[in-house]
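A.B. asks:
Residue numbers (the numbering used here): 420 to 628.
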């Protein structure tokens with residue numbers, strides 16, 4: 420794995436991911452684990468945010484403190500990416516949120532765009548693109564292309580599970596984009612699903628199986 424791909428082998432992520440993979444896990448528990456994993460991934464993905472100095476006064480004395488300098492935009496890929504937004508908002512309450520709507524053509528497995536709404540100042544922000552699954556890489560690649568066309572320069576992709584082929588496709592299309600994920604699985608099946616994976620993340624998040 421190259422130095423732009425970060426696989427979070429944290430014990431808590433692996434534990435919660437095992438719950439998400441289990442086909443008998445309830446919708447509530449699946450959502451809860453997606454939220455908790457999102458928190459842990461978001462912590463890592465924001466570890467290099469720019470800081471600036473500013474003066475405060477503690478109950479004891481004046482001091483030079485730190486605050487984040489560059490603001491953040493969260494961009495979930497609809498609809499499954501919505502399952503990660505609340506977790507990142509818990510970490511970064513001031514973040515702005517954009518949305519990108521893509522669906523997969525079931526015959527070609529290629530993504531089809533139907534919606535894109537981003538903050539007006541997207542070019543000034545650190546952008547975190549959110550999607551639980553990086554399978555073929557098509558949706559992630561197209562979403563990031565759309566974001567770049569609107570001027571964004573600093574973009575990271577955050578997912579829960581990735582397939583090697585998805586990582587390869589995204590890295591080829593956008594070599595400047597860091598990828599943060601909880602696990603890299605084995606392969607894609609003939610239907611484009613990650614194996615062993617966890618099934619359709621959107622259906623399991625929203626109870627539409």
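In this text, a Cβ means the ideal position worked out from N, Cα and C, and glycines have one as well.
May I ask you to verify whether the region 603-611 touches the region 429-441, counting CB pairs closer than 8 Å and requiring at least 3?
C.D. replies: The region 603-611 is not in contact with the region 429-441.
A.B. asks: Note down the Cα distance separating residue 439 from residue 458, rounded to an integer number of angstroms.
C.D. replies: For the purposes of this step, residue 439 is taken as residue 20 along the chain shown, with counting starting at 1. For the purposes of this step, residue 458 is taken as residue 39 along the chain shown, with counting starting at 1. Roughly 15 Å separates the two Cα atoms.
A.B. asks: Please report the distance separating the alpha-carbon of residue 493 from that of residue 594.
C.D. replies: Within the chain shown, residue 493 is the residue found at index 74, counting from 1. Within the chain shown, residue 594 is the residue found at index 175, counting from 1. Each residue's Cα considered, the two are about 20 Å apart.
A.B. asks: Mapping DSSP to helix, strand and coil, what is residue 585?
C.D. replies: Here residue 585 corresponds to residue number 166 of the chain shown, with the count starting at 1. Residue 585 falls in the helix class under three-state DSSP.
A.B. asks: Going residue by residue through the region 432-486, where are the continuous alpha helix (DSSP H) segments of at least 4 residues, counting only ones entirely within it?
C.D. replies: Whole alpha helix (DSSP H) segments, 4+ residues: 446-464.
A.B. asks: With distances taken from CA atoms, which of 611, 536 and 548 is nearest residue 526?
C.D. replies: Residue 526 sits at position 107 when you count from the first residue of the chain shown. Nearest option by C-alpha distance: 611.
A.B. asks: Count the other CB atoms, across all protein chains shown, that sit within 10 Å of the CB of residue 513; report buried if there are 16 or more and exposed otherwise.
C.D. replies: Stepping through the chain shown from its first residue, residue 513 is reached at position 94. Flag for residue 513 reads exposed.
A.B. asks: Can you tell me the Cα-Cα spacing of residue 483 and residue 469, whole angstroms?
C.D. replies: Translated into the one-based positions of the chain shown, residue 483 becomes position 64. Translated into the one-based positions of the chain shown, residue 469 becomes position 50. For residue 483 and residue 469, the distance between alpha carbons rounds to 16 Å.
A.B. asks: With respect to the beta strand (DSSP E) encompassing residue 573, which residues constitute its N-terminal and C-terminal limits?
C.D. replies: As a working mapping, residue 573 is identified with position 154 in the chain shown. Element bounds for residue 573: 573-577.
A.B. asks: Compute the beta-carbon to beta-carbon distance between residue 599 and residue 453, rounded to the nearest angstrom, for a pair I have assumed lies under 8 Å.
C.D. replies: Translated into the one-based positions of the chain shown, residue 599 becomes position 180. Translated into the one-based positions of the chain shown, residue 453 becomes position 34. With 8 Å as the limit, residue 599 and residue 453 do not qualify as a contact, their Cβ atoms being about 15 Å apart.
A.B. asks: Within a Cβ cutoff of 6 Å, which residues of the same chain sit near residue 557, ignoring the five residues on either side of it in sequence?
C.D. replies: Within the chain shown, the letter at position 138 stands for residue 557. Taken in chain order, the residues that qualify are 529 and 530.
A.B. asks: Specify the secondary structure class of residue 621 as computed by DSSP and reduced to three states.
C.D. replies: Translated into the one-based positions of the chain shown, residue 621 becomes position 202. Reduced to three states, the DSSP call for residue 621 is helix.
A.B. asks: Quick one: what's got a C-beta closer than 6 Å to residue 472's C-beta in the same chain, skipping five residues either side?
C.D. replies: To locate residue 472, count along the chain shown from 1; it is residue 53. Cβ neighbours of residue 472 beyond the five flanking positions: 483.
A.B. asks: With a cut-off of 8 Å on the beta carbons, I'd call residue 550 and residue 499 a contact; round off their distance for me.
C.D. replies: As a first step, residue 550 is located in the chain shown; it is residue number 131 there, counting from the start. As a first step, residue 499 is located in the chain shown; it is residue number 80 there, counting from the start. Right, their Cβ atoms sit about 6 Å apart.
A.B. asks: Apart from the five residues just before and just after residue 572, which ones in its own chain have a Cβ nearer than 6 Å to its Cβ?
C.D. replies: Walking along the chain shown from the start, residue 572 turns up at place 153. Counting only Cβ-Cβ distances below 6 Å, and skipping sequence neighbours, we find nothing.
A.B. asks: Is there at least one non-hydrogen atom of the ligand SAM closer than 7 Å to the beta-carbon of residue 481?
C.D. replies: The ligand SAM is not part of the structure shown, which contains no ligands of any sort.
A.B. asks: How big is the Cα-Cα spacing for residue 515 and residue 540?
C.D. replies: Position 96 of the chain shown, counted from the start, is the residue given in the question as residue 515. Position 121 of the chain shown, counted from the start, is the residue given in the question as residue 540. Looking at the two C-alpha atoms, the distance is approximately 9 Å.
A.B. asks: Closest by CA to residue 381, which one among 425, 450, 625 and 542?
C.D. replies: The first residue shown for the chain is 420 and the last is 628, placing residue 381 beyond what the model contains.
A.B. asks: Put residue 552 into one of helix, strand or coil per three-state DSSP.
C.D. replies: Sequence index remark: in the chain shown, residue 552 carries index 133 (1-based). Residue 552: strand per DSSP, three-state reduction.
A.B. asks: Buried or exposed: where does residue 570 fall if 16 or more other Cβ atoms within 10 Å of its Cβ makes it buried?
C.D. replies: By 1-based counting over the chain shown, the position of residue 570 is 151. With fewer than 16 other Cβ atoms within 10 Å, it is exposed.
A.B. asks: Residue 564 and residue 585 - do their beta-carbons sit closer together than 8 Å?
C.D. replies: Residue numbering aside, residue 585 sits at position 166 when the chain shown is read from its first letter. Residue numbering aside, residue 564 sits at position 145 when the chain shown is read from its first letter. Not a contact, by the Cβ cut-off of 8 Å.
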